[in-house]
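What follows is a short report on a single structure.
Protein chains: 2
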Amino acid sequence: MMQRYFTKTDSPIGSVYFTTDDEMIHHMRNVMRFKENENVVLVFNEAITFLSRIQSLTDEGITFELVEEIKKNVELPLKVTIASAFPKGDKLKWITQKSTELGASSFAFFPSSRSVVKLDKKKAMKKKESLEKIAMEASEQSHRTHVPTVDFFGNFSSVCESFKNYDKVLVAYEESAKIGETTKFFSVVQDMKENEKLLLVFGPEGGFSEAEVEEMEAFLAIRVGLGPRILRAETAPMYALSAISTIRELM
Amino acid sequence: MMQRYFTKTDSPIGSVYFTTDDEMIHHMRNVMRFKENENVVLVFNEAITFLSRIQSLTDEGITFELVEEIKKNVELPLKVTIASAFPKGDKLKWITQKSTELGASSFAFFPSSRSVVKLDKKKAMKKKESLEKIAMEASEQSHRTHVPTVDFFGNFSSVCESFKNYDKVLVAYEESAKIGETTKFFSVVQDMKENEKLLLVFGPEGGFSEAEVEEMEAFLAIRVGLGPRILRAETAPMYALSAISTIRELM
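Quick note, the sequences are listed as chains A and B, same order. Here the first sequence is numbered in the working numbering, starting from 1 and rising by one per residue. Here the second sequence is numbered in the working numbering, starting from 252 and rising by one per residue.
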């Protein structure tokens with residue numbers, strides 16, 4: 001499988017690209033031990049993607065010849081943001097890695113009344129950096145052309161206020177799963193237009209309180225169930241993203 | 252959320268049930284600290300499920316009154332077996348836990364030519380026991396009425412020979428994902444009859460060899476892609492089970 005790199009720069013005007021990015025140089029020279037004339041995939045801003053041949057590589061920089069643009073679209077047809085209350089343990093890492101593989105567009109993590117974990121600003125900043133790295137690696141590994149962004153909210157109200165930035169907001173609500181509400185999720189996802197923005201909100205292990213659900217509903221969120229089985233906090237986002245892919249990419 | 256227990260026995264004829272199961276007694280008395288008159292859910296053989304009230308509990312045994320049968324069906328409408336080549340690290344644990352939450356009916360693990368991990372018979376037996384425990388816990392947690400079984404195959408050929416026990420066999424094949432074959436999975440899952448048996452076969456990190464895919468095809472397996480993104484060995488089964496739930500339970 002061909003190695004791919006996110007250059008985090010615009011695509012060049014000509015057919016040659018030169019990078020001095022230390023991380024990329026280190027990875028290509030010391031980890032992958034690439035040689036001249038080998039091929040990699042370069043992903044530039046706006047998901048512009050090129051099959052690229054290594055012309056020269058030294059500790060100072062690497063020169064590529066851009067051989068052919070790759071136009072295949074591997075991104076989900078909806079822009080899906082996964083918003084999750086802080087879960088226990090290292091589940092944030094799992095949610096980020098797996099949801100990136102499954103096509104999430106961005107992440108928003110926030111405290112809720114039943115979150116066991118508390119994160120001060122400093123810890124959140126550190127966590128954000130490490131999750132961004134995980135999102136980058138998972139994007140490369142799953143051949144995506146977009147790297148999800150990661151944001152932390154300081155409180156529950158600011159999450160609710162962000163709802164206005166999305167075309168639809170769905171809240172996974174365990175009680176909905178229990179009473180058998182399963183068709184709403186399908187119909188909303190099916191009816192959205194290409195590239196519209198969908199926010200999916202997930203609670204912590206103990207679920208949202210009824211008050212929190214009501215606050216979200218006041219900001220026009222819709223409660224949905226995700227099938228008849230009870231899913232863990234880190235499994236529910238994977239189910240939802242796979243379901244979106246099934247509805248919009250497989251059918 | 253009400254605690255549930257798999258009794259591994261037939262449901263009693265009357266409305267009283269008595270257990271001397273050590274693990275259950277320990278969990279109820281020492282872990283959950285249940286008292287008389289509290290309620291739990293008991294799941295008997297053939298998924299017969301009762302809301303049950305604790306009448307008495309001692310170190311010798313627990314007596315329940317069966318209050319009301321719970322008839323809600325939480326099992327996937329297809330019996331899905333997840334067959335996975337040995338993956339690296341503790342991914343078997345993850346595959347078992349998450350796939351149980353997502354409705355898998357049973358598991359079959361096997362060596363393939365590109366599996367890095369080798370398991371001798373003794374290790375496989377030990378692994379089987381620990382995975383059965385994980386499947387049991389995940390079933391309880393996700394409120395299922397069936398606990399998936401776990402089997403280990405000694406070689407690749409015996410997996411292929413087992414194909415005849417299923418109504419359909421689908422192989423997740425990365426090359427199919429690359430060439431954009433995504434509709435086959437949907438149409439097979441949609442067309443199967445209720446309670447038919449579906450085997451989903453997943454390769455190790457490096458994928459199956461072309462020879463292995465051909466051997467499976469000789470045993471009537473169908474290659475399918477699971478959407479346009481490349482999924483890790485432990486993510487692909489979760490995607491497939493979520494997709495089956497979406498097609499058969501949400502639509």
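C-beta atoms are modelled at their ideal positions from N, C-alpha and C, and glycine is treated no differently. Predicted model, so just to flag it, every value in this text is computed and none were measured.
At 7 Å on the CB atoms, spell out the chain A contacts of glutamate 482 of chain B, in chain order.
Per the sequence shown, residue 482 of chain B should be read as leucine rather than glutamate. Contact of leucine 482 of chain B with chain A by beta-carbon distance below 7 Å involves Glu101 and Ser142.
If we count the other Cβ atoms within 10 Å of its Cβ and call it buried at 16 or more, is histidine 253 of chain A buried or exposed?
Missing from the structure shown is residue 253 of chain A; chain A here goes from 1 to 251 and no further.
The stretch 403 to 422 of chain B / the stretch 451 to 470 of chain B touching (three or more Cβ pairs under 8 Å):
The way I'd put it, the stretch 403 to 422 of chain B does touch the stretch 451 to 470 of chain B; three or more beta-carbon pairs between them come closer than 8 Å.
State the Cα-Cα distance for the pair lysine 384 of chain B and alanine 336 of chain B, rounded to the nearest angstrom.
Whole-angstrom Cα-Cα distance: 20 Å.
Could you tell me which chain B residues have their CB closer than 7 Å to the CB of leucine 250 of chain A, listed as they occur along the chain?
Simply Thr433, Thr434, Phe436, Phe437, Gly478 and Ala494.
Nearest-angstrom Cβ-Cβ length linking valine 70 of chain A and leucine 51 of chain A, presumed shorter than 8 Å:
The residue you asked about is not valine; residue 70 of chain A is isoleucine in the sequence shown. Indeed, because the Cβ distance is near 6 Å, the residues count as touching under 8 Å.
For glutamate 425 of chain B versus glycine 478 of chain B, is the C-beta spacing smaller than 8 Å?
Their beta carbons are not under 8 Å apart, which means glutamate 425 of chain B does not touch glycine 478 of chain B by this criterion.
In whole angstroms, what is the alpha-carbon distance linking arginine 499 of chain B and serine 139 of chain A?
About 30 Å.
Measuring only between beta-carbons, confirm whether valine 325 of chain B sits less than 8 Å from chain A.
Taking CB atoms only, valine 325 of chain B has a neighbour in chain A less than 8 Å away.
Determine the direct distance from the alpha carbon of aspartate 59 of chain A to that of glutamate 23 of chain A, and round the result to whole angstroms.
Pairing glutamate 23 of chain A with aspartate 59 of chain A, the inter-Cα distance amounts to about 11 Å.
In chain A, which residues lie less than 7 Å from isoleucine 498 of chain B when you measure between Cβ atoms?
Result: Thr246.
Name, in chain order, the residues that DSSP records as bridge partners for leucine 302 of chain B.
Residue pairing by DSSP puts leucine 302 of chain B in a beta bridge opposite B/Val292 and B/Glu319.
Determine the closest residue to alanine 236 of chain A out of A/Thr145, A/Asn39, A/Leu102 and A/Asp120, with distance taken between C-alpha atoms.
Out of A/Thr145, A/Asn39, A/Leu102 and A/Asp120, A/Leu102 has the C-alpha closest to the C-alpha of alanine 236 of chain A.
Three-state secondary structure (DSSP) of threonine 246 of chain A:
Threonine 246 of chain A falls in the helix class under three-state DSSP.
For a test of the three-state rule: what should DSSP assign to leucine 508 of chain B, helix, strand or coil?
Given that chain B is displayed from residue 252 to residue 502, the structure contains no residue 508 of chain B and the question cannot be resolved.
Cβ contact (3+ pairs, closer than 8 Å) linking the stretch 136 to 153 of chain A and the stretch 188 to 205 of chain A
No: fewer than three Cβ pairs fall under 8 Å.
Proximity to proline 338 of chain B [Cα-Cα], best of B/Phe360, B/Lys323 and B/Lys330
Nearest to proline 338 of chain B by C-alpha distance, out of B/Phe360, B/Lys323 and B/Lys330, is B/Phe360.
What's the C-alpha gap between alanine 135 of chain A and lysine 128 of chain A?
Straight-line Cα distance between these residues: approximately 10 Å.
Would you mind working out which of B/Val331, B/Leu370, B/Tyr268 and B/Glu461 sits nearest leucine 492 of chain B, comparing C-alpha positions?
Closest option to leucine 492 of chain B, Cα to Cα, is B/Val331.
Apart from the five residues on each side of it in sequence, which residues of its chain come closer than 7 Å, Cβ to Cβ, to serine 266 of chain B?
Excluding positions up to five away in sequence, the list reads Glu316 and Leu317.
Less than 8 Å between the CB atoms is what I'm expecting for phenylalanine 202 of chain A and alanine 83 of chain A, so what's the real figure, rounded?
Correct: roughly 7 Å between the Cβ atoms.
What does the alpha-carbon distance come out to for the pair glutamate 326 of chain B and arginine 229 of chain A?
Straight-line Cα distance between these residues: approximately 8 Å.
Suppose you measure from the CA of cysteine 411 of chain B to the CA of leucine 231 of chain A; what does that come to, to the nearest Å?
Distance between the alpha carbons of cysteine 411 of chain B and leucine 231 of chain A: 32 Å.
Applying a beta-carbon distance threshold of less than 8 Å, which residues of chain A neighbour threonine 486 of chain B?
Neighbourhood of threonine 486 of chain B in chain A, by CB distance below 8 Å: Lys98, Glu101, Leu102 and Met238, in chain order.
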